[in-house]
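Undergrad:
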Amino acid sequence: ETGVTQTPRHLVMGMTNKKSLKCEQHLGHNAMYWYKQSAKKPLELMFVYSLEERVENNSVPSRFSPECPNSSHLFLHLHTLQPEDSALYLCASSQDPPSWDGPLYEQYFGPGTRLTVT
Amino acid sequence: TQLLEQSPQFLSIQEGENLTVYCNSSSVFSSLQWYRQEPGEGPVLLVTVVTGGEVKKLKRLTFQFGDARKDSSLHITAAQPGDTGLYLCAANSGAGSYQLTFGKGTKLSVIP
Numbered sequence: 004e005t006g007v008t009q010t011p012r013h014l015v016m017g018m019t020n021k022k023s024l025k026c027e028q029h030l031g032h033n034a035m036y037w038y039k040q041s042a043k044k045p046l047e048l049m050f051v052y053s054l055e056e057r058v059e060n061n062s063v064p065s066r067f068s069p070e071c072p073n074s075s076h077l078f079l080h081l082h083t084l085q086p087e088d089s090a091l092y093l094c095a096s097s098q099d100p101p102s103w104d105g106p107l108y109e110q111y112f113g114p115g116t117r118l119t120v121t
Numbered sequence: 063t064q065l066l067e068q069s070p071q072f073l074s075i076q077e078g079e080n081l082t083v084y085c086n087s088s089s090v091f092s093s094l095q096w097y098r099q100e101p102g103e104g105p106v107l108l109v110t111v112v113t114g115g116e117v118k119k120l121k122r123l124t125f126q127f128g129d130a131r132k133d134s135s136l137h138i139t140a141a142q143p144g145d146t147g148l149y150l151c152a153a154n155s156g157a158g159s160y161q162l163t164f165g166k167g168t169k170l171s172v173i174p
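Protein chains in written order, with this note's numbering: chain A, 4 to 121; chain B, 63 to 174.
(1) Which chain B residues are close to F112/A, counting only those with a beta carbon under 7 Å from its beta carbon?
(2) DSSP three-state call for E47/A: helix, strand or coil?
(3) Out of P143/B, A152/B and L108/B, which has the shortest C-alpha to C-alpha gap to I75/B?
(4) Looking at the secondary structure, which residues open and close the beta strand (DSSP E) in which F72/B lies?
(5) For H82/A, list the residues DSSP reports as bridge partners.
(6) Give me the Cβ distance between G147/B and Q95/B, rounded to the nearest whole Å; I'm assuming they're in contact under 8 Å.
(7) Quick one: what's got a C-beta closer than 6 Å to K25/A's C-beta in the same chain, skipping five residues either side?
(8) Show which residues of chain A have a CB atom less than 7 Å away from the CB atom of E95/B.
(9) Is the distance from the Cβ of D133/B to the Cβ of S87/B below 8 Å?
Right under this line is the structure:
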């Protein structure tokens, strides 16, 4: 496997279900991200982890619970979701951003999980 | 909140035509990236520009970063059906920030 992989690619769940999304990066990066992509909206950053520690949480409802057991794996645990949570969930990874302007800072994305909440 | 405005929102052209899409902001960014995303897939990084006035070429794609590092353009020469997709620009707010600000994208359709 190369790059960033995500499983499952498609998920349909009821509002009372509990499910988990998995992401794995094979790029040797320190940081991992969860994004939500809905129709007609820009990509929304949900969570950021660096070396297994959460560094950002952008006011995401508690029904989304991230877990980062090591720098290569990232999970998003889902429970009691709402239909408006249906979206493409994208995982990304990068090196930590540089502390000064100039060096490249690039995020690499996985293929996403298309989630439908019924 | 820093915003990236992309234009046009939609673009449909014939194979072989040239096109330019734009990414504009009132904020200064330390770097800016262009991605292409196909339906049901994640964005794929095309290029990162970091220096004001920088021009980068990737085959038929030419990327330019504005002198003031507030805007960027993507020019495609002789578009092919394989260029079809959603083109996203994203910019980093500054040193040490994990946050990338994304535009809403330009949806390009190249008709054979």
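Ideal Cβ positions, reconstructed from N, Cα and C, are used throughout, including at glycine.
Keep in mind the model is a prediction, meaning the values are calculated, not measured.
TA: Answer, in terms of the structure:
(1) G104 and P105
(2) strand
(3) P143/B
(4) F72 to Q76
(5) K21/A
(6) Not confirmed; about 15 Å, so no contact.
(7) T10 and F78
(8) With the sequence shown as reference, residue 95/B is identified as Gln, and Glu is not the correct amino acid for it. Result: E109.
(9) yes
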